[in-house]
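Notes for the one structure printed next.
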Amino acid sequence: MHRKPEYRALTLNIHKGFSASNLRYTLEALRVVLRDSKCNVVFLQEVSGENSRYHKRIKGWPNTDQLEYLADSVWPHFAYGRNAATPLGHHGNAILSATPIGRVHNEDLSLHRLSQRGLLHVTLEEGTELLNVHLGLFERERNRQLSKLIDYVLYNIPEKAPLILAGDFNDWRLTAHKTLVKELKLSEAFESIC
Numbered sequence: 004m005h006r007k008p009e010y011r012a013l014t015l016n017i018h019k020g021f022s023a024s025n026l027r028y029t030l031e032a033l034r035v036v037l038r039d040s041k042c043n044v045v046f047l048q049e050v051s052g053e054n055s056r057y058h059k060r061i062k063g064w065p066n067t068d069q070l071e072y073l074a075d076s077v078w079p080h081f082a083y084g085r086n087a088a089t090p091l092g093h094h095g096n097a098i099l100s101a102t103p104i105g106r107v108h109n110e111d112l113s114l115h116r117l118s119q120r121g122l123l124h125v126t127l128e129e130g131t132e133l134l135n136v137h138l139g140l141f142e143r144e145r146n147r148q149l150s151k152l153i154d155y156v157l158y159n160i161p162e163k164a165p166l167i168l169a170g171d172f173n174d175w176r177l178t179a180h181k182t183l184v185k186e187l188k189l190s191e192a193f194e195s196i197c
């Protein structure tokens with residue numbers, strides 16, 4: 004008999020390796036926190052895939068890209084989906100996994116060029132579906148992106164497949180999870196375990 008896989012998951016917007024106020028470089032501290040979490044799957048938003056300015060100016064900026072630096076030897080399997088590109092580089096969503104990854108797809112959720120957002124979809128080799136989203140700051144934008152997310156799940160995720168949906172929903176009013184529970188029959192992990 005096959006045992007259902009169990010996951011210890013964490014989601015975090017790393018702000019390209021800086022504090023939320025953008026005043027302090029925090030990537031090294033984040034790496035320690037992620038390792039100490041003992042999670043076997045990690046969902047990250049605003050991971051810098053490349054940044055030529057910071058690479059030259061920030062002491063401690065890794066010689067490799069942020070994704071490889073954070074994954075290190077703890078998560079041998081990882082995926083990156085670019086959301087935003089600038090003349091200096093790009094950033095996006097990432098998933099770190101202790102379990103082998105089978106398929107990767109990045110879906111653009113952007114509604115305009117000033118707010119580049121995305122959905123990173125990873126299918127693990129054992130069949131679990133992982134979705135990492137970063138939604139917009141404004142409620143109208145988020146609601147339209149939630150509709151796109153719901154359509155994506157309905158058309159691309161097998162109905163009985165195990166699914167973990169995580170990310171930065173920018174949902175200060177705490178309404179997105181109600182929509183996802185209603186439309187997709189998902190359960191809020193925090194409510195399920197507390």
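First residue of the sequence shown: 4, per the numbering used here; consecutive thereafter. Where a beta carbon is used, it is the ideal one built from N, C-alpha and C, also for glycine. Bear in mind the structure is a predicted one, so any value in this text is a computation, not a measurement.
On a Cα-Cα basis, can you pick out the residue from the options that is closest to residue i?
i: LYS163; options: ASP39, HIS180 and THR131; result: THR131
i: ARG106; options: SER118, GLY84 and ASP39; result: GLY84
i: GLU31; options: SER40, TYR10 and GLY20; result: GLY20
i: GLN119; options: HIS137, THR102 and TYR72; result: HIS137
i: ASN86; options: THR102, HIS108, ASN66 and GLU186; result: HIS108
i: PHE46; options: LEU183, LYS62 and TRP78; result: TRP78
i: PHE81; options: ASN43, LEU91, LEU117 and PRO90; result: ASN43
i: TYR155; options: GLU144, ASN135 and ASP174; result: ASN135
i: HIS180; options: SER150, ILE160, ASN159 and PRO161; result: SER150
i: LYS7; options: LEU37, PRO165 and LEU91; result: PRO165
i: ARG38; options: SER24, PRO90, SER76 and ARG27; result: SER76
i: GLU110; options: TYR158, PRO90 and ASN66; result: TYR158
i: ASP174; options: GLU9, ALA23, THR29 and GLU144; result: GLU144
i: THR89; options: VAL36, GLY121 and ARG116; result: ARG116
i: LYS62; options: ASN16, THR29, LEU91 and ILE160; result: THR29
When the distance is taken between beta carbons, is residue j closer than 8 Å to residue i?
i: HIS94; j: GLU142; result: no
i: THR14; j: GLY139; result: no
i: SER40; j: GLN69; result: no
i: ARG34; j: LEU73; result: yes
i: ILE167; j: LEU133; result: yes
i: THR102; j: GLU71; result: no
i: LEU189; j: LEU183; result: yes
Spell out the partners DSSP gives residue i in its beta bridges.
i: GLU132; result: THR126 and LEU166
i: LEU47; result: LEU15 and ALA97
i: HIS180; result: DSSP output for HIS180 lists no bridge partner at all.
i: ASN159; result: Its beta-bridge partners do not exist; DSSP assigns none.
i: ASN25; result: Its beta-bridge partners do not exist; DSSP assigns none.
i: ASP174; result: Per DSSP, none; premise fails for ASP174.
With 8 Å as the threshold, decide whether the Cβ of residue i is near any Cβ in chain C.
i: LEU99; result: As a matter of chain content, chain C is missing from the structure shown, which is built from one protein chain.
Contact check, residue i vs residue j under 8 Å by CB: the rounded distance?
i: LEU114; j: ARG147; result: 6 Å
Exercise for the section: Answer yes if the stretch 87 to 99 comes into contact with the stretch 118 to 127, meaning at least three C-beta pairs across the two stretches below 8 Å, and no otherwise. Expected result: Touching, yes, given that three or more Cβ pairs across the two stretches are closer than 8 Å.
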